[in-house]
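Trainee:
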Amino acid sequence: MELKGKVAVVIGASRGCGKHFAIGLAREGAAVVVAARSVERGTLPGTIGETVDIIRREGGKAHPVQCDAANTQDVHKTIGEAVYHFGRLDCLVYNAALYTRRPFLNVTPEMFDDYIAVNVRGPLFAAQAALPHMIAQGGGSIVNITSAASTKTTMPHLVMYSITKAALDRLSTWLANEYREHNIAVNSLSPGPVVTEALEAELPADYDWQHEKYGWKPATPEYLGPPIVHLAKQDAKGITGQVVRVPDFGKSWP
37 MELKGKVAVV IGASRGCGKH FAIGLAREGA AVVVAARSVE RGTLPGTIGE
87 TVDIIRREGG KAHPVQCDAA NTQDVHKTIG EAVYHFGRLD CLVYNAALYT
137 RRPFLNVTPE MFDDYIAVNV RGPLFAAQAA LPHMIAQGGG SIVNITSAAS
187 TKTTMPHLVM YSITKAALDR LSTWLANEYR EHNIAVNSLS PGPVVTEALE
237 AELPADYDWQ HEKYGWKPAT PEYLGPPIVH LAKQDAKGIT GQVVRVPDFG
287 KSWP
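Have a look at this one:
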């Protein structure tokens, strides 16, 4: 197991990509803190408890923490829970994101603030909480989950999602440079188009998933395990300061 003895936090892990990031890390031996807002099923399926149950049934270690990624106190509490329960912190995966399609002229100040809170402020303060523990241990890895929308127009009406993911990519590259001397890797991971519960709820029921206009070649979240494991085990001597795409895994990287 590549991550035996390691401890990871996945913020945004109740469903979709984050759920499978957490499961993939646990399958390689990491103890995983599964963090998200969802402790009960709402309009979308999936809770942190369900993700934890899957990991434990497979023989892994996991601990659920309710966390609103827009709440800085919750984010700091989540990192503290990891260290309290498992004694250390080796990897932080920030997967939480606000995603809605809205024409630019309909974007409101409140929507802008909400996007910044979850997609930019959340990962910034999660990293701020995690880094002191990684520095004390002599290394670690931070993986921020980004999107192709940060660099190109993938679908219409995603201006807020796009610009906040671009900001997240810059956060990753700057942190990688600043904390390289502490042997900490920081990368952004772009999963590519993935059919998740949230995306299915956002798009029309008759949406053509094979539509090529926006470059869609959709996959399911299960294929995300190996790429997240590979980035989780990095330090500053390996891959760092990069925006890497899951579809390129095994081709241009590792």
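First residue of the sequence shown? That's 37 in this note's numbering, and the numbers climb one at a time after it.
Just so it is clear, CB atoms sit at the ideal spot from N, CA and C, and this is done for glycine as well.
Sort Tyr135, Ala165, Gly95 and Met147 by Cα distance to Leu125 and report the nearest one.
Mentor: Residue mapping note: residue 125 aligns to position 89 of the sequence shown, counting from 1. Taking only the C-alpha atoms, the option nearest Leu125 is Ala165.
Trainee: Can you round the beta-carbon distance between Leu61 and Val282 to whole angstroms, since I take them to be within the 8 angstroms contact cut?
Mentor: Along the sequence shown, read from residue 1 onward, the residue named residue 61 stands at position 25. Along the sequence shown, read from residue 1 onward, the residue named residue 282 stands at position 246. Their Cβ separation, rounded to whole angstroms, is 15 angstroms, which puts Leu61 and Val282 out of contact at 8 angstroms.
Trainee: Using DSSP's beta-bridge definition, name the partner residues of Gln102.
Mentor: Numbered from its first residue, the sequence shown carries residue 102 at position 66. Answer is Ala72, bridged to Gln102.
Trainee: Give the range of the alpha helix (DSSP H) segment to which Ala118 is assigned.
Mentor: Here residue 118 refers to the residue found at position 82 when the sequence shown is read from its first residue. Taken as a continuous stretch (DSSP letters only), the alpha helix (DSSP H) holding Ala118 covers Thr108 to Phe122.
Trainee: So what's Leu125 in DSSP terms, helix, strand or just coil?
Mentor: Residue 125 sits at position 89 when you count from the first residue of the sequence shown. Three-state result, Leu125: coil.
Trainee: Is it right to say Met37 is buried, meaning 16 or more other beta carbons lie within 10 angstroms of its own, or is it exposed?
Mentor: The residue given as residue 37 occupies position 1 in the sequence shown. It counts as exposed.
Trainee: Report yes if the CB atom of Ala71 is closer than 8 angstroms to the CB atom of Val46, and no otherwise.
Mentor: Position 35 of the sequence shown holds residue 71. Position 10 of the sequence shown holds residue 46. Going by C-beta atoms, Ala71 is nearer than 8 angstroms to Val46.
Trainee: Using C-beta distances below 6 angstroms, list every residue in its chain close to Thr200, excluding the 5 sequence neighbours before and after it, in chain order.
Mentor: Indexing the sequence shown from 1 puts residue 200 at position 164. Excluding residues within five positions, the ones whose Cβ falls inside 6 angstroms are Tyr151, Asn155 and Val156.
Trainee: DSSP state of Tyr151, grouped into three classes?
Mentor: If you number the sequence shown from 1, residue 151 lands on position 115. Reduced to three states, the DSSP call for Tyr151 is helix.
Trainee: List the residues that DSSP assigns as beta-bridge partners of Tyr130.
Mentor: Working through the sequence shown from its first residue, we reach residue 130 at position 94. Bridge partners of Tyr130: Ile47 and Asn180.
Trainee: Nearest to Ser226 by alpha carbon, out of Pro81, Ile181, Leu260 and Met196?
Mentor: By 1-based counting over the sequence shown, the position of residue 226 is 190. Out of Pro81, Ile181, Leu260 and Met196, Ile181 has the C-alpha closest to the C-alpha of Ser226.
Trainee: If you pair each beta-carbon of the region 142-149 with each one of the region 47-66, do three or more pairs fall below 8 angstroms?
Mentor: Because the criterion of three Cβ pairs below 8 angstroms is not met, the region 142-149 and the region 47-66 do not touch.
Trainee: Considering only residues of the same chain and omitting the five flanking positions on each side of Ile115, which have a CB-CB separation below 8 angstroms?
Mentor: Counted from its first residue, the sequence shown places residue 115 at position 79. Cβ within range, chain order: Val45, Leu125, Leu128, Ala162, Ala165, Ala166 and His169.
Trainee: Under 8 angstroms, do Ala203 and Ala153 count as touching if we go by C-beta distance?
Mentor: Counting from 1 along the sequence shown, the entry for residue 203 is found at position 167. Counting from 1 along the sequence shown, the entry for residue 153 is found at position 117. No, Cβ-Cβ distance for Ala203 and Ala153 is not below 8 angstroms.
Trainee: From Gly158, Ile178, Ser198 and Gln278, pick the residue whose C-alpha is nearest to that of Thr108; which is it?
Mentor: For this step, residue 108 is matched to residue 72 along the sequence shown. For the residues Gly158, Ile178, Ser198 and Gln278, the minimum Cα distance to Thr108 belongs to Gly158.
Trainee: Closest by CA to Phe122, which one among Asn131, Ala132, Arg137 and Pro100?
Mentor: The residue given as residue 122 occupies position 86 in the sequence shown. Taking only the C-alpha atoms, the option nearest Phe122 is Pro100.
Trainee: Could you give the DSSP three-state label for Leu225: helix, strand or coil?
Mentor: Sequence index remark: in the sequence shown, residue 225 carries index 189 (1-based). It is a strand residue.
Trainee: Under three-state DSSP, which class holds Val143?
Mentor: Sequence index remark: in the sequence shown, residue 143 carries index 107 (1-based). Here Val143 sits in coil by DSSP.
Trainee: Between Ala118 and Val69, how many whole angstroms is the CB-CB distance? I'm expecting something under 8 angstroms.
Mentor: Counted from its first residue, the sequence shown places residue 118 at position 82. Counted from its first residue, the sequence shown places residue 69 at position 33. Indeed they touch by this definition, with Cβ atoms about 4 angstroms apart.
Trainee: Does the distance from the CB of Ser177 to the CB of Gln270 come in under 8 angstroms?
Mentor: As a working note, residue 177 is residue 141 in the sequence shown. As a working note, residue 270 is residue 234 in the sequence shown. Yes, the pair counts as a contact, with Cβ atoms nearer than the cut-off.
Trainee: Arg281 lies in the beta strand (DSSP E); which residues open and close that run?
Mentor: Taking the first residue of the sequence shown as position 1, residue 281 is located at position 245. From DSSP, the beta strand (DSSP E) with Arg281 extends over Val279 to Arg281.
Trainee: For the alpha helix (DSSP H) holding Arg137, just list the boundary residues, first then last.
Mentor: Here residue 137 refers to the residue found at position 101 of the sequence shown. Per DSSP, Arg137 belongs to no alpha helix (DSSP H) and is neither H nor E.
Trainee: Ala67 and Lys97: beta carbons closer than 8 angstroms?
Mentor: Numbered from 1 along the sequence shown, position 31 holds the residue referred to as residue 67. Numbered from 1 along the sequence shown, position 61 holds the residue referred to as residue 97. Yes, Cβ-Cβ distance for Ala67 and Lys97 is below 8 angstroms.
Trainee: Considering only DSSP beta bridges, list what Ile220 is partnered with.
Mentor: Within the sequence shown, residue 220 is the residue found at index 184, counting from 1. Paired residue(s): Gly176.
Trainee: Arg137: beta carbon under 7 angstroms from a heavy atom of the ligand ZN?
Mentor: What this structure holds is no ligand at all, so the ligand ZN is not there to describe.
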